[in-house]
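Worksheet: one structure, shown below.
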Amino acid sequence: MLQMSKPVLHKFIPVLFFVMLLITKADRCFAQQLSNDTIRTYAIIYEGDTITARVLDTVKKFAIYNEAQLSARAKWTRLRNAIYVTYPYAKRAGVVMNDVNAHLVHIIDREDRRAYIKSREKELRKDFTEPLTNLSVYQGKVLMKLIKRQTGNNCYEIIKEYKGGFTARFYQTVAFFFGSDLKQPYDKDGNDKEMEAIVKEVARMFGDKS
């Protein structure tokens, strides 16, 4: 066995101590490196396999409308605005027409019927003359369609019923010259399908379920 004298051993002790420090530091760095290599992540089980679950960043896409799309959007907005303006009048008209019809069932005498219709007509003129005169021709067309929807009768049929055939034909002629038609149809499953969707939306805004 190799033996060293005390003076020689005394010289090697600091060196040995320094080497031990280096080894200890290296072990700690290695352990820390192993710890840093572990990354926690969310996972899900998909068809029996565990796979990493990640939330992707939001991707925003923007598109520019072409001319046809801009035109369609403008028409839709115009129709929606017209329905929003005229729906309360159509709703009110539907209530009045139903009430008038319910009362006329029990009035047999022609003069009494005329007197009752005239009184209700006066009521309608008081409530609607001013606001309706402020409607545009387009809004008037929309209103007639909504009245058809609410009452089941077009405006020509309503006027003919309450004011007579001659009056109905006269107003129909006037409407024709203004590019309108008292006999506005309403087909919620056909040509007016888009309009029906807007009406239901606007009705909910007014608290209705129609």
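Under our numbering, the first residue of the sequence shown is numbered 9, with each subsequent residue one higher.
Quick reminder that beta carbons are idealized off the backbone N, C-alpha and C, glycines included.
Predicted model, so just to flag it, every value in this text is computed and none were measured.
Inter-residue CB distance, residue i and residue j (contact presumed, cutoff 8 Å)
i, j, result
"A90", "Q147", "5 Å"
"Q192", "K153", "5 Å"
"Y164", "L143", "About 18 Å separates the two Cβ atoms, so there is no contact after all."
"H111", "Y95", "Not really, about 25 Å apart at Cβ, beyond 8 Å."
"I52", "A61", "5 Å"
"K149", "Y194", "Actually they do not touch by this definition, with Cβ atoms about 11 Å apart."
"L87", "M203", "6 Å"
"V108", "R128", "5 Å"
Backbone secondary structure at residue i - three-state DSSP
i, result
"D107", "helix"
"D197", "coil"
"K14", "Note on K14: pLDDT 49, under 50, position unreliable in the model; the coordinate value appears next. It is helical."
"K68", "coil"
"R86", "helix"
"R157", "helix"
"D117", "coil"
"E191", "Residue 191 is actually Lys in this sequence, not Glu. Three-state result, K191: coil."
"D135", "helix"
"G102", "helix"
"V63", "coil"
"Y73", "coil"
"G172", "coil"
"G215", "coil"
Strand pairing of residue i, partner residues [DSSP]
i, result
"T141", "Partner(s): none; T141 has no beta bridge."
"Y54", "D57"
*Just checking, does the stretch 198-218 make contact with the stretch 78-93 on the three C-beta pairs under 8 Å criterion?*
Judged by pairs of C-beta atoms under 8 Å, the stretch 198-218 touches the stretch 78-93, as three or more such pairs exist.
*asked:* When you compare the stretch 138-157 with the stretch 68-83, are there three or more beta-carbon pairs, one atom per stretch, that lie closer than 8 Å?
replied: Fewer than three pairs of CB atoms, one per stretch, sit closer than 8 Å, so the stretch 138-157 makes no contact with the stretch 68-83.
*Can we say the stretch 99-108 touches the stretch 122-135, given the rule of at least three CB pairs closer than 8 Å?*
Judged by pairs of C-beta atoms under 8 Å, the stretch 99-108 touches the stretch 122-135, as three or more such pairs exist.
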